[in-house]
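Numbering (the working numbering), first residue to last: 1222 to 1516. Below is one structure, written out as structure tokens, with a few remarks after it.
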């Protein structure tokens, strides 16, 4: 059986960025045999949260490759150039493309590596292959949509499967109720709901804010926003705080003892946890104010 140098489980932004870096090494004469396995039938980045008028929260310069290699052909700027939209995007005078456009950028990049990725396969088992009582390789077993099992051997394994929806324990008894669903499934599940619609959005983060405004803009829907916080607090994207996302901080945080690491995460919690963009908060406040005006 063929032995890969590396297999990546999942083919989202992290492993796409890895594929780019490995491709650069190949061009420099240091080829590695890498392969990726993705559960989805095709590339999709948060497909059920691609809301109209939703924009990225981070600069397009923090794309898949620019901070590491600004000259890469897989940069967001080169994507715009290849699509014939670079001048138009410059005229927008923004660092924050729409989420639809960034998803298209990711899809465009992923398409260059389709020969290295098996879509529609779900990895269900990783087994050690021993040689003289030492693990020499890993056997990765996956199942495709037709039920066929595929086995591949690899020297190294990279797991990048993304996060799992966090549903509070108090809703565990409603997990099979189609009226209760996580924000990551929003567009898909909303389309299944009958009329009339009265919907409660629970949470105070970016997704909750975006969904509330999306529902508010739809006809025939009454929406309530429920949060345990006393008020919406904006995400902190100030310069010194943003340094926590610099590449060198990865090793710094990782090498800290558990207690200090948890303290760091708590200190920087306001960068992306229950913290919408200020513009969204202002828009929601305006909705509430106009309701007071109209009674």
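Ideal Cβ positions, reconstructed from N, Cα and C, are used throughout, including at glycine. All of these numbers come straight from a predicted model, not from anything done at the bench.
CB-CB under 6 Å to residue i, same chain, minus the five flanking residues each way: which ones, in chain order?
i	result
residue 1446	1422 and 1433
residue 1221	Examination of residue 1221 is not possible in this model, given that the chain is present from 1222 through 1516 alone.
residue 1347	1359 and 1361
residue 1410	1402
residue 1418	1442
residue 1448	1425
residue 1386	1403 and 1405
Sorted by chain position, which residues of the same chain lie with C-beta nearer than 8 Å to residue i's C-beta, five sequence neighbours on each side aside?
i	result
residue 1243	1227, 1253 and 1255
residue 1350	1356, 1357, 1358, 1359, 1360 and 1374
residue 1310	1301 and 1318
residue 1234	1266, 1285 and 1327
residue 1250	none
Please classify residue i: is it buried, with 16 or more other beta-carbons within 10 angstroms of its beta-carbon, or exposed?
i	result
residue 1286	buried
residue 1355	exposed
residue 1431	buried
residue 1232	buried
residue 1332	exposed
residue 1496	buried
residue 1300	buried
residue 1471	exposed
residue 1453	buried
residue 1368	exposed
residue 1236	buried
residue 1296	buried
residue 1499	exposed
residue 1264	buried
residue 1225	buried
residue 1216	Residue 1216 is absent from the model: the chain starts at 1222 and stops at 1516.
residue 1383	exposed
Hey, could you find the ends of the beta strand (DSSP E) residue i is sitting in?
i	result
residue 1359	1355 to 1365
residue 1443	1442 to 1447
residue 1352	1342 to 1352
residue 1225	1224 to 1230
residue 1370	1370 to 1380
Assign residue i to one of three DSSP states: helix, strand, or coil.
i	result
residue 1279	coil
residue 1439	coil
residue 1394	helix
residue 1254	coil
residue 1321	helix
residue 1260	coil
residue 1418	strand
residue 1339	strand
Please list, in chain order, all residues of the same chain as residue i whose beta carbon is under 7 Å from its beta carbon, the five residues on each side excluded.
i	result
residue 1437	1444 and 1508
residue 1365	1341, 1342 and 1371
Alpha helix (DSSP H) containing residue i: first to last residue?
i	result
residue 1303	1297 to 1304
residue 1515	1499 to 1515
residue 1294	Segment: none, residue 1294 is in no alpha helix (DSSP H) and carries neither H nor E.
residue 1246	1234 to 1248
residue 1383	Run containing residue 1383: none; DSSP gives neither H nor E here.
residue 1460	1460 to 1463
residue 1314	Unbroken run through residue 1314: none, as it is neither H nor E.
residue 1486	1479 to 1488
residue 1494	That residue, residue 1494, is in no alpha helix (DSSP H); it is neither H nor E in DSSP.
residue 1469	1469 to 1475
residue 1410	1407 to 1411
Is the segment 1350 to 1369 touching the segment 1310 to 1325, taking contact as three or more C-beta pairs under 8 Å?
Cβ pair count under 8 Å is below three, so no.
Taking contact to mean 3 or more Cβ pairs, one atom from each stretch, closer than 8 Å, check whether the segment 1333 to 1345 and the segment 1232 to 1243 are in contact.
Short answer: they touch.
Would you check if the segment 1309 to 1322 and the segment 1277 to 1285 touch, i.e. whether three or more CB-CB distances between them fall below 8 Å?
Contact between the segment 1277 to 1285 and the segment 1309 to 1322 is present: three or more C-beta pairs spanning the two stretches fall below 8 Å.
Given 8 Å, three or more beta-carbon pairs between the segment 1486 to 1506 and the segment 1449 to 1466:
A contact exists between the segment 1486 to 1506 and the segment 1449 to 1466.
Stretch-stretch touch, CB-based, cutoff 8 Å, three pairs: the segment 1256 to 1265 with the segment 1394 to 1401:
Segments in contact, no.
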